[in-house]
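Peer 1: Residues 2 to 310 (the numbering used here) are what the sequence shown spells out, left to right. C-beta: ideal position from N, C-alpha, C; glycine also. Small disclaimer: the values here were computed from a predicted structure and weren't measured.
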Amino acid sequence: LISFFANDLNVFMLNAKQFALPILTFLYFRKNQFKSRLIGVAFALNIFLVLTQLWVGQFPLDVADLLTTMRDLTAGRPLGLFLNFHLSAYIAAVYLIYLARLRTLYLLDFLFLFLTGVATAFVSYVFQRIASLKWVQSTAFRNGFTSLLMVVIAALSIAYLAEDLILGLAQSQGVAYNSLWVIYRQLLDPMSYLPLLTPFPTDATSYTESIVWNYEDIGFGQIGNELAIITIFNQGGIVLASLYLFILTRHLKSFRVFFWLSLLHYGYILSPLVAYMMVTYEAEIRNIRRPMANGPSVNTGASGRAVPP
């Protein structure tokens, strides 16, 4: 409501859509469980398109005219089902986090995400899988917020201490070096964090255009904001964005390390599909009955005697 009076109509409608859809999706499916089999079909199709593009060298269908930001990238990293390599890899990672809690994937999940060429999804997924290990959760990571904080601090510390090594390796391997460079510059520049204090929803596009980083001296040209968390706080303001992230962190324990780390680049926690998948799979993961080490559990009554199931 404040955004309606503080911004023009287009900005208000965009920001309202960005937050209303995932919030309503989260609220509805948290109380009305519905697991769609189409997600599994979409995941399989996504894998097929990614592997096909890796084999052929370009996206198998002529979709360039249907794209905007990735119109010229149909022969680059695999676009996947969602015609966006960042989004396709992100949704695949969410589904794989869920599958990994149900069955052994024999490292095929890591291999597939690596083949997508999207470092954000891959690295975030790796840290989430580490945080999900039983021996990790049973020790210093028992408290959810403590585990999240420790993982984020560890990731940022490694990134800071090994900056030259990581940037040099990325450049030599042909990884998206320009994006990685800008992410480092933003993370190490205190002024980059000022938008996190945005009181009310604003125009995220205007902010991105106002902080252009000039890297023409190293052949990159001009690049804008690369941190998803900055965009989220611009579009929602500090109150709404903070509440949304707090609620997700509190309720989506199986995904919180993943989506927090993904916010250091292109995270999609405002996607209604991602919100639906996370809240649905979180409920199923919590309901999984794991057998006890000494055999099946025995139900006991008030007297302590075994009661037939």
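1) Pull up the distance between the alpha-carbon of R102 and that of I159, whole angstroms please.
2) Can you tell me whether T105 is buried or exposed, with buried defined as 16 or more other CB within 10 angstroms of its CB?
3) Over the uninterrupted alpha helix (DSSP H) stretch that includes L62, give me the two end residues.
4) State buried or exposed for S37, treating a residue as buried only when at least 16 other CB atoms are found within 10 Å of its CB.
5) Can you tell me where the alpha helix (DSSP H) with I270 in it begins and where it stops?
6) What do you get for G58, buried or exposed, if any count of 16 or more other CB atoms within 10 angstroms of its CB means buried?
7) N47 to F83, Cα distance in whole Å?
8) How should N16 be labelled, buried or exposed, when 16 other C-beta atoms within 10 angstroms of its C-beta is the threshold for buried?
9) Take A43 and list the residues in its own chain whose beta-carbon comes closer than 7 Å to its own, dropping the five residues that flank it on each side.
10) Am I right that I286 and Y99 are in contact with their C-beta atoms under 8 Å? What's the rounded C-beta distance?
11) By Cβ distance, which residues of its chain are closer than 7 Å to T53, with the 5 residues on each side in sequence left out?
12) So, helix, strand or coil for D190, using DSSP?
13) How would you label W182, buried or exposed, when you count the other beta carbons within 10 angstroms and need 16 or more for buried?
14) Measure how close the beta-carbons of G118 and F86 come, nearest whole angstrom, since I'm counting them as under 8 Å.
15) Grab the span of the alpha helix (DSSP H) containing S243 for me, first residue to last.
Peer 2: The relevant details are as follows:
1) 27 Å
2) exposed
3) Here L62 belongs to no alpha helix (DSSP H), and DSSP marks it neither H nor E.
4) exposed
5) Taken as a continuous stretch (DSSP letters only), I270 belongs to no alpha helix (DSSP H), as it is neither H nor E.
6) exposed
7) 8 Å
8) buried
9) L82
10) 7 Å
11) P61
12) coil
13) buried
14) 7 Å
15) 229 to 252
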